[in-house]
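Residue numbering for the sequence shown follows UniProt numbering, beginning at 650 and increasing consecutively.
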Amino acid sequence: AKASGRDRWAVFDEDMREQAGQILDLEADLRRAINGEGFVAFYQPIVRLADRQVIGHEALLRWRHERRGLLLPSEFIGVGEHSGLIEEVDWIMYRQVAEQLAKGGPGYISMNVSPRHFRASDFADRLLRLVEDSGADPQRLRIEITEVALLDDVPRALRTLQQLRGHGIMAQLDDFGTGYSALSYLHRFPIECLKIDQSFVAGLTGDSRPESVAVVRAIQALAGTLGIHTIGEGVETEEQRTALRELGCAHGQGYLFGRPAEAMAAVAGTAGVAH
Ligand code: C2E
Ligand code: CA
Ligand code: CA
Ligand code: CA
Numbered sequence: 650a651k652a653s654g655r656d657r658w659a660v661f662d663e664d665m666r667e668q669a670g671q672i673l674d675l676e677a678d679l680r681r682a683i684n685g686e687g688f689v690a691f692y693q694p695i696v697r698l699a700d701r702q703v704i705g706h707e708a709l710l711r712w713r714h715e716r717r718g719l720l721l722p723s724e725f726i727g728v729g730e731h732s733g734l735i736e737e738v739d740w741i742m743y744r745q746v747a748e749q750l751a752k753g754g755p756g757y758i759s760m761n762v763s764p765r766h767f768r769a770s771d772f773a774d775r776l777l778r779l780v781e782d783s784g785a786d787p788q789r790l791r792i793e794i795t796e797v798a799l800l801d802d803v804p805r806a807l808r809t810l811q812q813l814r815g816h817g818i819m820a821q822l823d824d825f826g827t828g829y830s831a832l833s834y835l836h837r838f839p840i841e842c843l844k845i846d847q848s849f850v851a852g853l854t855g856d857s858r859p860e861s862v863a864v865v866r867a868i869q870a871l872a873g874t875l876g877i878h879t880i881g882e883g884v885e886t887e888e889q890r891t892a893l894r895e896l897g898c899a900h901g902q903g904y905l906f907g908r909p910a911e912a913m914a915a916v917a918g919t920a921g922v923a924h
């Protein structure tokens, strides 16, 4: 029994070594990819739930890894954050989004800004310069941030959002309902919409239906008070689309309408037709 215990440890040890090795590999790869063209923006349509009309797209980061194929953010963002490299990857994304916007296309593009990034003192200046240099219309750009990014330093967050808003760039609150909401602060921020976290959308048709309905109802009431709209995230079924509409949510995003893809849904209204 003792021997097998030691064997188990030996195996565990090997696993850990291998895992640590993989993380180091990935970090080295990340550094190389930042100088190359490994990172691409995929675009997922955001639609009006009533008629699937495309109102915009969310840009989602993908890494085309030479050996491992297409990697999702969850497979490398931890490594990037750990090593501080994610900020550079974010700027690669912002540049791609700005270039895409400058080319035209339907609706707006929203992009994800990590809390750490949002808190950087030169974030708004840098973003505005990038947008100006690219020739993109700032009115067609949105940023997605989470509540954490707002609450840590309220005056600074307010300044940043007001500066961006002053130039036409609006902000959406991502994953709404999952954090501790500072409801009393929310009205002070120029926020364009609340993105209802996909866990609640999934819950609308699952076992936790009553709880999810209650949460979505509360978010809708809050949005109504603030005079802003909502987007249901992760809509996968017709049933969820109907449930969201009944609760007063007008916009949605999810596999039902289109998966993230390298090309944007070219013509308004075609989301969900070609899967
Ligand atoms: P998020 O901002 O909440 O993005 C939504 C995630 O839900 C995306 O995962 C999207 O592919 C996925 N999704 C969309 N529709 C459905 C659906 O119907 N069902 C399900 N199950 N999932 C759906 P993804 O692309 O893997 O991104 C994960 C997270 O990584 C994002 O969550 C965001 O927090 C972060 N992220 C993505 N791109 C960037 C980026 O450029 N910069 C930063 N800092 N973070 C990013
Ligand atoms: Ca997002
Ligand atoms: Ca989200
Ligand atoms: Ca999320």
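For glycine and all other residues, C-beta sits at the position ideal for the given N, C-alpha and C. Quantities reported herein were computed from a predicted structural model and do not represent experimental measurements.
Handout entry: Presumed contact (8 Å Cβ cut-off) between PHE691 and GLU911, rounded CB distance
Key = In this structure PHE691 is in contact with GLU911, their Cβ atoms being roughly 6 Å apart against a cut-off of 8 Å.
Problem - Residue of PHE825, CYS842, LEU832 minimising C-alpha distance to MET819 - result: Nearest neighbour of MET819 by Cα position, chosen from PHE825, CYS842, LEU832, turns out to be CYS842.
Handout entry: CA nearest to the CA of ARG744, picked from ARG768, GLU781, PHE767
Key = If we check each option's Cα against that of ARG744, GLU781 comes out closest.
Practice task
From the DSSP output, in three-state form, read off GLY826 for me.
Solution key: Here GLY826 sits in coil by DSSP.
Practice task
Could you say if the segment 836-854 and the segment 892-908 meet the contact criterion of at least three C-beta pairs nearer than 8 Å?
Solution key: With the cut-off at 8 Å, the segment 836-854 and the segment 892-908 touch.
Exercise for the section: Give the DSSP bridge partners of ASN761, in chain order. Expected result: Answer is GLU793, bridged to ASN761.
Exercise for the section: Could you tell me the distance, in whole angstroms, from the CA atom of ARG866 to the CA atom of PHE725? Expected result: Roughly 35 Å between the two C-alpha positions.
Exercise for the section: Below 8 Å on the Cβ atoms is my guess for HIS816 versus GLY756; work out the distance and round it to an integer in Å. Expected result: Not really, about 19 Å apart at Cβ, beyond 8 Å.
Problem - Pairwise C-alpha distance: ARG701 and ALA677 - result: Between ALA677 and ARG701, the C-alpha separation is close to 42 Å.
Handout entry: Distance between LEU800 and GLN749 (C-alpha atoms, nearest Å)
Key = Going from the Cα of GLN749 to the Cα of LEU800 covers about 31 Å.
Exercise for the section: State yes or no: is the C-beta of GLU882 nearer than 7 Å to some heavy atom of ligand 3? Expected result: Correct: GLU882 has its Cβ closer than 7 Å to ligand 3.
Handout entry: Distance, GLY873 Cα to ALA747 Cα
Key = Roughly 31 Å separates the two Cα atoms.
Exercise for the section: State whether the segment 714-721 contacts the segment 770-788, with contact taken as three or more CB pairs (one from each stretch) at a distance under 8 Å. Expected result: As far as the Cβ criterion goes, the segment 714-721 does not touch the segment 770-788, which means the pair count is below three.
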